[in-house]
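Single-structure report; data block below.
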Amino acid sequence: MRAAKTNGFTLVELMVTLAVLAILAVLAVPSFTDFRQRSALRGAADQVVSFVGDARFEALRRNSDVKVGFRTNVAGEFCIGAATTTDPSDDTPCDCFTAGACDVSAYPTAQSEWRGARVPSNPTIGDTDSDTDGVVVINPKRANLTEAGDAGRISLRSPIGSQDYRLDIIVDRNGRAISCQPAAAPSKIPEYLDRGC
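If you're matching positions, the sequence shown starts at 2 in the working numbering and goes up one per residue.
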């Protein structure tokens with residue numbers, strides 16, 4: 002009588018399959034890391050653009066000047082806050098590092114929400130005499146900046162990794178914010194190739 006033949010994999014077949022999977026995983030890790038870097042940077046830039054847009058809406062809704070301030074500290078942490086003001090040339094940001102200090106809004110509630118995005122240089126919005134802060138004041142009548150000369154940019158850098166991606170958020174004199182990729186960015190984000198600045 003013949004023994005029943007069982008179907009299965011030989012040890013050699015399993016080893017070859019595992020070796021192929023290991024090679025594919027090694028090849029995929031750098032791509033995943035680059036994707037994570039780009040995603041974190043795009044998310045941070047989108048958050049800043051959205052924040053400025055929301056502040057413009059709040060200025061109109063509250064019928065009050067709203068100042069938007071971008072702050073960094075010595076630890077490399079950064080935040081953005083919005084507060085009402087009665088001074089159209091106010092260049093003092095609200096303390097977005099302290100919960101409740103900004104009466105309109107503040108972001109983030111925890112630095113981890115930036116997902117590792119960094120600030121490579123000081124912002125050029127508002128009064129450029131400040132070393133770490135940038136402030137613009139939005140007019141409630143037209144939702145533009147109270148002082149056109151306050152227009153400028155905020156630069157963001159990707160989390161530490163194999164590539165060095167950069168995006169700028171430009172706030173124009175009309176109070177609009179857009180994100181773009183600087184021409185001098187060491188590594189390019191494909192989705193931003195036609196959105197240079």
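We treat Cβ as the ideally placed atom computed from N, Cα and C, and that holds for glycine.
As the structure is a computational prediction, the values presented were derived from the model and not from experiment.
- Where Gly135 is concerned, the enclosing beta strand (DSSP E) starts and stops at 134–139.
- Put simply, of Thr86, Tyr108, Asp128 the residue whose alpha carbon is nearest the alpha carbon of Ala46 is Tyr108.
- With fewer than 16 other Cβ atoms from the protein chains shown falling within 10 Å of its own Cβ, Asp195 counts as exposed.
- Going by DSSP, Phe79 is part of the beta strand (DSSP E) stretching over 79–86.
- Per DSSP, the continuous beta strand (DSSP E) segment holding Cys181 begins and ends at 178–181.
- Around the CB of Ala23, fewer than 16 other CB atoms lie within 10 Å, so the residue is classed as exposed.
- Put simply, of Ala100, Ile179, Gly162, Pro183 the residue whose alpha carbon is nearest the alpha carbon of Thr34 is Gly162.
- If you compare the alpha carbons of Ile126, Arg63, Asp169 with that of Lys142, the shortest gap goes to Arg63.
- Residue range 153–158 is occupied by the beta strand (DSSP E) that includes Ile155.
- In this chain, the beta strand (DSSP E) harbouring Phe71 covers 66–73.
- By the C-beta criterion, the region 140–154 is judged not to be in contact with the region 112–119, since fewer than 3 inter-stretch pairs fall below 8 Å.
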